[in-house]
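Residue numbers (this note's numbering): -19 to 272.
A virtual CB, placed ideally from N, CA and C, is assigned to each residue, including glycine.
Small disclaimer: the values here were computed from a predicted structure and weren't measured.
Below: one structure, written as structure tokens.
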């Protein structure tokens, strides 16, 4: 044996030890770099959003909620997007909300629909999914955007307890077709007064509502007068007081001559032959909401 020589076994052990040391040093350096990136790149105000359940049970992360415009779609069955329920032969496509979502996203808005209405998925008027065999091509549930405050059959008075929810920045109000009467103008004024009092910083857009099918002439006369009141009296009076209130015309979309507010209601505009629009009309309504 010669002093100063190292046998092959000892040399192998030393190589392994050296490799481990180099690996630990690399891990320590990488951890330090990550720590510095986190400190400098991620602000402490960043909001980490929870994952939400998709329609199929999968987990999906919604858009960041930081600085989002909170939009509440507030109203009755037309806000929900009902068609010819309870049979649902005309497929459910979220009413105007689906196209409005697309328009807002394409325009670069950072927004979130808010509200906690369970309709129509609670099946209070039939099953829009036909036992799970149908789903809309654009399913707002998968995007975490199927939130609204609409209720089938809701009259004006029902909404007073709904408006204080979810702290909206923008309220899209369309209400009045259920129980339309000569008292409806006074009721909508009371509702708007409640909204601007409870949510003075929110912008409220009051829709001139859609009419009934063209055969409902007496009811449509009331709808016409109600809409004229919203356009010519209600909205201007609140604007004059300094409130953030405006209006949008949904009524003329359903007329034989959309450029003439006094023309009669056109036929073949209602999916249930009574008061719910077809999906084509819902898309036109979305265009007007977006423009407003």
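- Ranked by Cα distance from residue 112, the first of 81, 72, 79 is 72.
- Contact check between the stretch 145 to 165 and the stretch 83 to 90: fewer than three CB pairs, one atom from each, fall below 8 Å, which does not count as touching.
- Pairwise C-beta distances place the stretch 168 to 175 out of contact with the stretch 98 to 116, as fewer than three of them are shorter than 8 Å.
- Pairing residue 237 with residue 211, the inter-Cα distance amounts to about 18 Å.
- Beta-bridge pairing by DSSP links residue 129 to 54.
- Straight-line measurement puts the Cα of residue 244 at about 30 Å from the Cα of residue 129.
- Annotation: the continuous beta strand (DSSP E) that includes residue 154 extends over 150 to 154.
- Look at residue 115 here: in three-state DSSP terms it is coil, with no helix or strand label.
- Taking a contact to require three or more Cβ pairs closer than 8 Å, the stretch 253 to 272 and the stretch 227 to 236 qualify as touching.
- Residue 254 is positioned such that its CB atom lies closer than 8 Å to that of residue 193.
- For a cut-off of 8 Å, the C-beta gap from residue 124 to residue 60 is around 18 Å, too long to register as a contact.
- In the DSSP annotation of this structure, the continuous segment of the alpha helix (DSSP H) that includes residue 203 starts and ends at 197 to 209.
- Going by DSSP, residue 217 is part of the alpha helix (DSSP H) stretching over 215 to 220.
- Residue environment: residue 147 is assigned as exposed (fewer than 16 neighbouring CB atoms within 10 Å of its CB, all protein chains considered).
- Taking C-beta atoms as the reference points, residue 203 and residue 215 fail to come closer than 8 Å.
- Excluding sequence positions up to five before and after residue 107, its CB lies less than 6 Å from no other CB in the same chain.
- Beta-bridge partners assigned by DSSP to residue 183: 150.
- Shown here, residue 48 sits in coil according to DSSP, grouped into three states, outside any helix or strand.
- DSSP places residue 99 in the coil class of the three-state scheme, outside both helix and strand.
- Looking at 51, 220, 105, 190, the one whose alpha-carbon comes closest to that of residue 207 is 190.
- Per DSSP, the continuous beta strand (DSSP E) segment holding residue 92 begins and ends at 91 to 94.
- Judged by DSSP secondary structure, residue 251 falls outside any alpha helix (DSSP H); it is assigned neither H nor E.
- Assigned with DSSP and collapsed to three states, residue 227 falls in strand.
- With contacts defined as CB atoms closer than 8 Å, residue 143 and residue 49 fail to qualify as a contacting pair.
- One alpha carbon belongs to residue 127, the other to residue 248, and they sit about 29 Å apart.
- In the DSSP annotation of this structure, the continuous segment of the alpha helix (DSSP H) that includes residue 172 starts and ends at 164 to 178.
- The residues 232, in chain order, have a CB closer than 7 Å to that of residue 241 in the same chain once the five nearest residues on each side in sequence are set aside.
- The beta carbon of residue 199 is closer than 7 Å to those of 160, 192 in its chain, skipping five residues each way along the sequence.
- The three-state secondary structure of residue 141, taken from DSSP, is helix.
- Per DSSP, residue 190 lies in no alpha helix (DSSP H) and is assigned neither H nor E.
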